[in-house]
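Student:
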Amino acid sequence: MKIVEKYRIIVLLAGVLFFGACAQEEPLTESQLDYTVPEKTALDNWIEANYLDPYNINAQYKWNQNTVDNTRFLFPPMVDKVQPALDVVKQIWLDSYSAVGGSDFVKIIAPREIVLVGGVNSNSNGTRTLGIADSGQRITLFEVDYLNTKNRANVTEFIHTIQHEYVHILNQNKSFDKQTWQKISPGDYTGTWHLENLTVSRNLGFVTNYARNNITEDFAETASIILTSSKAEYEALLASITDPNGKAKLKQKEAIVVQYYKDAFNIDFYALRDAAEINTNKVINN
Amino acid sequence: MKLKNIFRYLMMAMLMVNLSACNSDTDAEQKFDVTPTERLNAQKKELNDLLLSSEQGWKAVYFTDDTQLGGFTHLFKFLPGKKVEMASDFDADTEKHTSDYDVVLGSTVSVLFNTFNRIHLLSDSGNSPTTALRGKGYLGDFQFLYYGQENGDIIFKSNRLVREVRFVKATAQDWVDLEQNLVMEQNVIGGDTRPLFRFLETNDGTTAKKYDFSFSSVTRFSNSEAIDNSGEVISMGVGYTPTGIVVSPAVEVKGQKLTNFIYNDADGSFTATGTSGVTASIKYSNAPLVLTDDYKLLLPGSGNNVYAYIYNTTKPEPANSALFLSLLANAEAAAGTGLLIQRIQPWFNNADGSGYIEYRFAAVANPAVTIARRYHYFTVSADAVNKTVTLIPGVWKSTATAASPAIATPSFLKALDDQFMNPQGLYFAEISGLGYKAYTFTSTTTPFRMVAYSFQ
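Top line first, the protein sequences correspond to chains A and B.
First residue of the first sequence: 458, per my numbering; consecutive thereafter.
First residue of the second sequence: 2, per my numbering; consecutive thereafter.
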């Protein structure tokens, strides 16, 4: 046996010894973690039946500091306000997208979690944040306690929030044509949008003051305002714009939105708007 | 080195590693008997058991930030199934409400009130007591980190501002008495019938020190500035109790920390008592804390000085007391329908040596035009020790000339006029910050104070 051969065997033996040496199995004991399922309330069952099972979306109404901005002074919603709010969201948002985009549409591209907050989220500049979309995964809705399902303006503002945030989530999945959009109103975006005048903003080709924050918000505002308006309401909005340049710019943006929905998701944007309007009427009149 | 030797040393090294590998001494020294998970679970159980252990629940006076806000009393009764009944003195609703709680892991084991109840009212960014706190509500938390127990109390710290919150075992009486806190709030604010001046007095057993007391009911916070011009300020958050107030931070007198003030309805005072004669009291006073020599402006020899209440100038000033405003309203109503008192104008040291209060009347419909006048003549005497003046009443006239005849006392003016003619006298002192030169006439015995524009 060559010396190398000899050592090879020795090394092999030593290796077996080495790796096998400390093998000591400790029997597994019961888990330390608490696996008990908390008792479910009627509300929990409703959420499970209407959100979790069909859409794989969790609706969180109990407080968890990890899903909210801890520097803000917020609080959980009143329990009896949760189901009406979620019902509105389901009927106007989920049902409309399902009807037009196909029943699987929101199951695939949807936030996995909706977090509900009772009160307003005030900013130090005097504005209120109505909703937040995080990384395409979570939508936080504020002011759940103040939702009056019989008040159209109130429902529209609430739904506008989720429509707006969902547009962000769609954008986070598939981006829109930012380069073209950027060229429409390049000089008119401003960080102090809340100090602007709505008539002035509309004449510059923005659907709201907030749209002037940046192009992402502009896209989300343009899409969500059209979705939360009826055809006639949106036409009235366009008619109120006196500057022909501004009107042309807004129409250009609208065309990009419509194209985006068609190209990215094969959705007829106007059909979606009509479905949302029908569902909104249903909510308010029931 | 030969290949053979390399192998040899390598084998020796491996053998050494191999033989010493399973030495159990390599384990890190165990500081605890059980694993971190087990310890956290044990602590969670300890806290939950503790919360459930008090038959009548727990009471906490929650000072969210005692540098600018007061205390809000909360009662909690924890129930099996992670339910909690809660009541608070945040507003008029002191009833019990039920919600959920949980014991969760935050930065340490903590109790979390995870569905809406009374404690969340302190954390509403849409409802702040001052503009400085805009967007921050009352700086409240509803998750409290467990820091252990002390004499049967549970010590928590608030999750974000890390302020100590002490849960004390509640009694059945605490639940019954909670609404009394709001009655006490009115005593802290102070009634219209109490004297106008209020001070915080500390006494270390030998000497007393006075501080000008002020209290804001929206923030439940008090600032009291020393009257000795030292600039020293005692600031404290105030929480209401059925018998008085509890303050944070404590008022420190001679090293003793005083927190519990007991209310005395006889004189409206609040007193905290320590040992060896140490006390701190919030008291009413008929006398201003600082007396001035301004009263000398009214005395003979100081010139023809004239001051006036003016309906469209001085009336909105907050220094006008409720008693003054109500007497004024009564006099206007009694004078006749559609009339108002346009001016109440005391004149001192007129050319003929006289002094009088001139009451001018106008129609509400046309308040700028005087339609009638009444004059009440007086002479002045002064008290140099108490620094007061007394107006000694003389005749009433409807024209201010020597020749014009005296008239009967106008009954509609009497109650108001009596305050000026108070035989115990008046304080007269300049008031600043109104945007024009002004003085106040303040009764020495009643909560009557009128702001007067100075024509000089």
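Backbone N, C-alpha and C define an ideal beta-carbon position, used for all residues, glycine too.
These numbers come from a predicted model, not from an experiment.
Which residues of chain A have a Cβ atom closer than 9 Å to the Cβ of N42 of chain B, listed in chain order?
Tutor: In chain order: Q489, L490, D491.
Student: 7 Å is my cut-off, CB to CB: does K497 of chain A come that close to chain B?
Tutor: Judged by the 7 Å Cβ criterion, K497 of chain A is not in contact with chain B.
Student: From F764 of chain A to V715 of chain A, what does the alpha carbon distance come to, in whole angstroms?
Tutor: Residue coverage of chain A in this structure runs from 458 to 743, which leaves residue 764 of chain A outside it and unanswerable.
Student: Counting contacts by CB-CB distance shorter than 7 Å, is D50 of chain B in contact with chain A?
Tutor: Taking Cβ atoms only, chain A never reaches closer than 7 Å to D50 of chain B, which makes this a no.
Student: Just mark Q620 of chain A as buried or exposed, buried being the case when its beta carbon has 16 or more other beta carbons within 10 Å.
Tutor: Per the 10 Å Cβ criterion, buried.
Student: Using the C-alpha atoms, what's the distance from L51 of chain B back to G141 of chain B?
Tutor: Roughly 23 Å between the two C-alpha positions.
Student: Please name the residue, chosen from B:D92, B:S270, B:L290, that lies closest to K284 of chain B on a Cα-to-Cα basis.
Tutor: Answer by Cα proximity: B:S270.
Student: Pick out the complete beta strand (DSSP E) segments inside the segment 163 to 211 of chain B, 3 residues or longer, and give them in chain order.
Tutor: Counting whole runs of 3 or more residues, the segment 163 to 211 of chain B contains the beta strand (DSSP E) stretches 165 to 170, 198 to 205.
Student: Per DSSP, which residues does S223 of chain B bridge with? Please list them.
Tutor: In DSSP, S223 of chain B forms a bridge with B:F216, B:M237.
Student: Distance check for P130 of chain B and Y296 of chain B, CA to CA, integer angstroms please.
Tutor: Taking the straight line joining both Cα atoms gives about 39 Å.
Student: Helix, strand or coil, according to DSSP, for L11 of chain B in the structure here?
Tutor: Three-state result, L11 of chain B: helix.
Student: Do S681 of chain A and V624 of chain A have their C-beta atoms closer together than 7 Å?
Tutor: Contact: yes.
Student: What span of residues does the beta strand (DSSP E) with H98 of chain B cover, start to end?
Tutor: 98 to 101 is the extent of the beta strand (DSSP E) around H98 of chain B.
Student: Considering only residues of the same chain and omitting the five flanking positions on each side of Y376 of chain B, which have a CB-CB separation below 6 Å?
Tutor: Within the same chain, Y376 of chain B has close Cβ partners Y357, E359, K398, A401.
Student: Can you give me the Cβ contacts of V62 of chain B inside the same chain, cut-off strictly under 6 Å, excluding the 5 residues immediately before and after it?
Tutor: Result list for V62 of chain B: G72, T74, G240, V247, in chain order.
Student: Using the Cα positions of F64 of chain B and S249 of chain B, report the straight-line distance between them to the nearest angstrom.
Tutor: C-alpha separation (whole angstroms): 7 Å.
Student: Here's the rule I'm using: 16 or more other beta-carbon atoms within 10 Å means buried, otherwise exposed. How should I565 of chain A be labelled?
Tutor: By the 10 Å Cβ count, I565 of chain A comes out exposed.
Student: Would V177 of chain B be called buried (16 or more neighbouring beta carbons within 10 Å of its own) or exposed?
Tutor: Burial call: exposed.
Student: For a contact meaning CB atoms closer than 8 Å, what does E333 of chain B contact in chain A?
Tutor: In chain order: nothing, as chain A lies at least about 41 Å away.
Student: Look at the alpha carbon of F525 of chain B and the alpha carbon of K704 of chain A, and state the distance between them as a whole number of angstroms.
Tutor: It is not possible to answer for residue 525 of chain B, since the shown part of chain B is limited to 2 through 457.
Student: Drop a sphere of 10 angstroms on the beta-carbon of N527 of chain A, count the other beta-carbons inside from all chains shown, and report buried for 16 or more, exposed for fewer.
Tutor: Exposed, since its Cβ has fewer than 16 Cβ neighbours within 10 Å.
Student: For T36 of chain B, go through chain A and note every residue whose CB falls closer than 9 Å to its CB, in chain order.
Tutor: Those are Q489, listed as they occur along chain A.
Student: What's the C-alpha gap between A590 of chain A and T524 of chain A?
Tutor: Taking the straight line from one Cα to the other gives about 11 Å.
Student: Name, going along the chain, the residues of the segment 158 to 177 of chain B whose beta-carbon falls closer than 9 Å to a beta-carbon of chain A.
Tutor: Answer in chain order: N160, R161.
Student: Just mark F456 of chain B as buried or exposed, buried being the case when its beta carbon has 16 or more other beta carbons within 10 Å.
Tutor: Exposed: under 16 other Cβ atoms inside 10 Å.
Student: Which one of A:D552, A:F530, A:V563 has the shortest CA to CA distance from L134 of chain B?
Tutor: Closest option to L134 of chain B, Cα to Cα, is A:F530.
Student: Mind checking which residues open and close the alpha helix (DSSP H) that includes Q504 of chain A?
Tutor: The question names Gln, but residue 504 of chain A in the sequence shown is Ile. Run containing I504 of chain A: 499 to 504, per the alpha helix (DSSP H) assignment.
Student: Who are W520 of chain A's beta bridge partners in DSSP?
Tutor: None, per the DSSP bridge assignment.
Student: Report the start-end ranges of each beta strand (DSSP E) in the segment 115 to 170 of chain B that is 3 residues or longer and not cut off at the edges.
Tutor: The segment 115 to 170 of chain B contains these whole beta strand (DSSP E) runs: 144 to 151, 154 to 159, 165 to 170.
Student: Could you check whether F429 of chain B and L290 of chain B sit closer than 7 Å to each other, using their CB atoms as the reference points?
Tutor: Result no, Cβ atoms of L290 of chain B and F429 of chain B do not sit closer than 7 Å.
Student: When you compare the segment 33 to 44 of chain B with the segment 184 to 202 of chain B, are there three or more beta-carbon pairs, one atom per stretch, that lie closer than 8 Å?
Tutor: The segment 33 to 44 of chain B, when compared against the segment 184 to 202 of chain B, does not touch it at the 8 Å Cβ threshold.
Student: Mind checking who P541 of chain A pairs with in its DSSP beta bridge?
Tutor: Partner(s): none; P541 of chain A has no beta bridge.
Student: Here's the rule I'm using: 16 or more other beta-carbon atoms within 10 Å means buried, otherwise exposed. How should N736 of chain A be labelled?
Tutor: N736 of chain A is buried by the Cβ-count criterion.
Student: Is P347 of chain B near Y308 of chain B, with beta carbons less than 7 Å apart?
Tutor: For P347 of chain B and Y308 of chain B, yes; Cβs fall inside 7 Å.
Student: Determine the direct distance from the alpha carbon of S215 of chain B to that of A453 of chain B, and round the result to whole angstroms.
Tutor: Between A453 of chain B and S215 of chain B, the C-alpha separation is close to 23 Å.
Student: Only counting the same chain, and skipping five residues up and downstream in sequence, which positions put a Cβ closer than 7 Å to that of A93 of chain B?
Tutor: Cβ neighbours of A93 of chain B beyond the five flanking positions: L183.
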